[in-house]
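See below for the structure under consideration.
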Amino acid sequence: MKIENAKVQMRKGILEYCILHIISRGEVYASEILDELIEAKMMVVEGTLYPLLTRLKNAGLLEYKWVESVSGPPRKYYILTDAGTDSLKALEGTWQGLSASVKTITSKKN
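Here the sequence shown stands for residues 1 to 110, numbered as in UniProt numbering.
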């Protein structure tokens, strides 16, 4: 197993959860989501983010609205739907359980 591939797969597995969490804080522009993910070292590029946002929108988990910008073209701001909020809560429960399980395993000494 190549370690870099394993690292990428681990990040991909929690990316949707992280994106929903970022959007749950309020209306957010895609570049703000990307900046936060990069700052958190999630190593996301636009080519990964935009298809995922489209998939989440098509699944009914988020919606967007266009807002005029004084410094350029209109911007698309993302907002969670009620279904998105429910999905985030379900993912939060899964993350808490998974995180606790991993901590239990990795905290044991030889």
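Beta carbons: idealized from backbone N, C-alpha and C, even for Gly.
Per the DSSP calculation, Y64 is bridged to which residue(s)? DSSP output for Y64 lists Y78 as bridge partner(s).
Per DSSP, Y29 forms a beta bridge with which residues? Looking at the DSSP output, Y29 shares a beta bridge with Y77.
Since I believe V44 is in contact with L34 (beta carbons under 8 Å), could you give me their beta-carbon distance rounded to a whole number of angstroms? About 6 Å separates the CB atoms of L34 and V44; that is less than 8 Å, so the two are in contact.
When P73, D82, L49, A30 are compared against L61, the one with the closest alpha-carbon: Out of P73, D82, L49, A30, D82 has the C-alpha closest to the C-alpha of L61.
Exposure of I19, with buried meaning 16 or more beta-carbon neighbours within 10 Å: That one is buried.
Between residue 128 and V8, what straight-line distance do the alpha-carbon atoms span, to the nearest angstrom? The first residue shown for the chain is 1 and the last is 110, placing residue 128 beyond what the model contains.
Can you tell me the Cβ-Cβ gap for A30 and Y78, rounded? I've got them flagged as a contact below 8 Å. That belief holds up - the Cβ atoms of A30 and Y78 are roughly 7 Å apart, short of 8 Å.
Quick check on this structure: which residue in S101, N58, I22, V67 has the alpha carbon closest to the alpha carbon of L88? Checking every option, the nearest Cα to that of L88 belongs to I22.
Rounding to the nearest angstrom, what Cα-Cα distance links I14 and L80 in this structure? The alpha-carbon atoms of I14 and L80 are separated by roughly 17 Å.
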